[in-house]
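First the structure, in the form of structure tokens, and then the observations on it.
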């Protein structure tokens with residue numbers, strides 16, 4: 388069986404340079420797996436694209452994580468020349484690795500990663516790359532949560548790094564610090580609105596599938612996949628998902644009249660903080 392992606396650039400896929408160390412490869416691979424794992428799909432429209440992206444990441448890692456294959460690719464620039472194992476089943480390989488990266492393994496990785504040197508280094512790199520964009524950390528750093536507690540945690544880390552002269556005191560960071568509450572509340576409202584919209588779309592998909600299959604089992608693989616996707620949460624954080632379901636019908640429109648009012652937002656945040664303290 389030939390290679391699945393003969394024209395793929397494994398370095399570009401893993402977003403690393405050709406001089407990347409084994410540790411660099413491992414770190415980038417982990418981040419990308421968490422970001423593109425099919426179980427983190429937000430809606431059915433992303434299913435095929437996410438699955439393809441994930442498989443490319445697995446394939447790129449299988450090449451660069453093997454010193455012999457990496458050397459051969461570096462010398463020839465051809466992936467067809469790298470795959471010398473007759474009868475190797477890439478489909479089976481992708482399925483096996485995907486099964487190993489599940490919610491349990493992600494939870495274990497989260498426990499090890501948070502507040503670690505790896506996380507701090509990722510924060511430093513991302514902060515420098517974006518010239519001090521603090522909020523982008525919630526979209527790029529693995530295992531981050533949308534909560535006041537998390538904002539305080541990341542803010543403390545960045546503030547310490549800036550005070551210790553490890554990070555530059557960028558203008559974007561200065562602006563965030565000076566208007567921290569207003570900027571954070573605006574960002575949080577925006578994210579909750581987006582998540583609630585996705586949750587409502589998933590609920591709609593589920594109802595359509597159930598209606599279509601009324602009185603019979605979900606036998607079609609496609610129907611089963613769509614049904615499962617519709618029930619998946621839009622984020623690994625269960626609290627956020629519950630909030631989306633509860634408040635989703637109140638904040639799907641972008642019009643001012645249907646926006647989240649301050650009282651409702653305060654209730655959401657109070658519940659969010661209360662649940663975080665219980666963990």
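Residue numbers (the working numbering): 388 to 666. Cβ coordinates follow ideal geometry from the N, Cα and C atoms, glycine included.
Would you mind stating whether residue i and residue j have Cβ atoms separated by less than 8 Å?
i: residue 523; j: residue 545; result: no
i: residue 526; j: residue 571; result: no
i: residue 415; j: residue 395; result: no
i: residue 679; j: residue 439; result: Limits of the chain in this structure are 388 at one end and 666 at the other, which puts residue 679 out of reach.
i: residue 578; j: residue 541; result: no
i: residue 460; j: residue 444; result: no
i: residue 528; j: residue 555; result: no
Compute the Euclidean distance between the alpha carbons of residue i and residue j, then round it to the nearest angstrom.
i: residue 558; j: residue 550; result: 15 Å
i: residue 390; j: residue 397; result: 13 Å
i: residue 531; j: residue 517; result: 18 Å
i: residue 503; j: residue 497; result: 10 Å
i: residue 547; j: residue 458; result: 41 Å
i: residue 442; j: residue 514; result: 28 Å
i: residue 406; j: residue 501; result: 27 Å
i: residue 575; j: residue 418; result: 23 Å
i: residue 404; j: residue 520; result: 24 Å
i: residue 437; j: residue 462; result: 30 Å
i: residue 512; j: residue 464; result: 29 Å
i: residue 446; j: residue 552; result: 39 Å
i: residue 580; j: residue 393; result: 41 Å
i: residue 536; j: residue 543; result: 11 Å
i: residue 495; j: residue 560; result: 32 Å
i: residue 421; j: residue 569; result: 30 Å
i: residue 499; j: residue 493; result: 10 Å
i: residue 408; j: residue 573; result: 40 Å
i: residue 411; j: residue 508; result: 11 Å
i: residue 399; j: residue 491; result: 29 Å
i: residue 413; j: residue 448; result: 8 Å
i: residue 583; j: residue 435; result: 23 Å
For residue i, verify whether its CB is less than 7 Å away from any heavy atom of the ligand SAH.
i: residue 540; result: The ligand SAH is not among the ligands present in this structure, which contains no ligands whatsoever.
Touching by the beta-carbon criterion (3+ pairs, under 8 Å), the stretch 453-469 and the stretch 557-575: Judged by Cβ distances under 8 Å, the stretch 453-469 makes no contact with the stretch 557-575, as fewer than three pairs qualify.
Start-end ranges of the alpha helix (DSSP H) lying completely within the stretch 496-529, minimum 4 residues: The qualifying runs are 504-516, 524-527.
4-residue-minimum alpha helix (DSSP H) runs that sit fully inside the stretch 392-459, ordered along the chain: You should have 397-400, 409-423, 434-451.
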